[in-house]
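Throughout the sequence shown, residue numbering follows this note's numbering, covering 3 to 203 in sequence.
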Amino acid sequence: MAWVEQRGMKFRVRLRMTDGTVTTDSTHDRRADAVIRAKEIDVEVARDTFIDPRGGRIPLAEWVPIWESTHQAAPATWAAYRSHLRLHILPTLGPLPLVDIRRQHIKTLAVALGKRLAPRSVADVIMVLSMVLQEAVEDRRIPFNPCRGIRIPKGIHAERPHATAEQVAAIVADGGLPFGGQVLAAGRAGAVGGEDAYLVG
């Protein structure tokens, strides 16, 4: 059973684990919020869905080697994974505990990477991070994967110069270009190809 303790101006939710140790689940500014969380914990424990907060306090940099020890991939794939982790993920998010990594951290990382990498490369980096964090979910260290549903825009490219409909019609009327009918049709119709974003997870 969880309970609430006041520490200074804060209220922390405490509970006794199955090994007999007492730990803090969370800390709140208001007692009412702490009481609600304590009740939620009792329900989660009864349903066997409670996640031990200690497991999610491990930094991402320490979790990655644990993930690597059991993840299966071909050598070339591993080389790409480790490159993404070493160059892009761990320098930014490595010190953060798993439980403190938020969706906004992922989006900020994606935006920063998008300034120097192609959108497909950004999506690959976020995909690796998503795999690492999804394993933490399966290991019941965090309740959800903050990478899920992150969209990586394919980028906005400068618009190609084009003639107006009137200019195209004038060119065709003057006979300045062969295949006039095809040029006129092309001038009146725009083409949009592909999706506008990569979806992660």
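C-beta atoms are modelled at their ideal positions from N, C-alpha and C, and glycine is treated no differently.
These figures come from a predicted structure and were not determined experimentally.
Quick one: is Gly58 buried, meaning 16 or more other Cβ sit within 10 Å of its Cβ, or exposed? buried
Once DSSP output is grouped into helix, strand and coil, what is the label at Val24? strand
So who's on the other strand from Leu92, going by DSSP bridges? Leu92 pairs with nothing; no bridge assigned.
Using the Cα positions of Trp65 and Thr29, report the straight-line distance between them to the nearest angstrom. The C-alpha of Trp65 lies about 24 Å from the C-alpha of Thr29.
For Arg153, the first and last residue of its enclosing beta strand (DSSP E): 153–155
Could you please give me the residues that DSSP links to Lys12 through a beta bridge? Arg9
When you compare the CB positions of Val101 and Ile144, do they come within less than 8 Å of one another, or not? yes
Can you tell me whether Phe146 is buried or exposed? The criterion is at least 16 other CB atoms within 10 Å of its CB, across all chains shown. exposed
Compute the Euclidean distance between the alpha carbons of Val139 and Gln8, then round it to the nearest angstrom. 30 Å
Within 10 Å of its beta-carbon, does Ser85 have 16 or more other beta-carbons around it, so buried, or fewer, so exposed? Burial call: exposed.
Exposed unless 16 or more other CB atoms sit within 10 angstroms - verdict on Val127: Buried, since its Cβ has 16 or more Cβ neighbours within 10 Å.
DSSP state of Leu17 mapped onto helix, strand, coil: strand
Verify whether the separation of the beta carbon atoms of Trp69 and Val134 is less than 8 Å. yes
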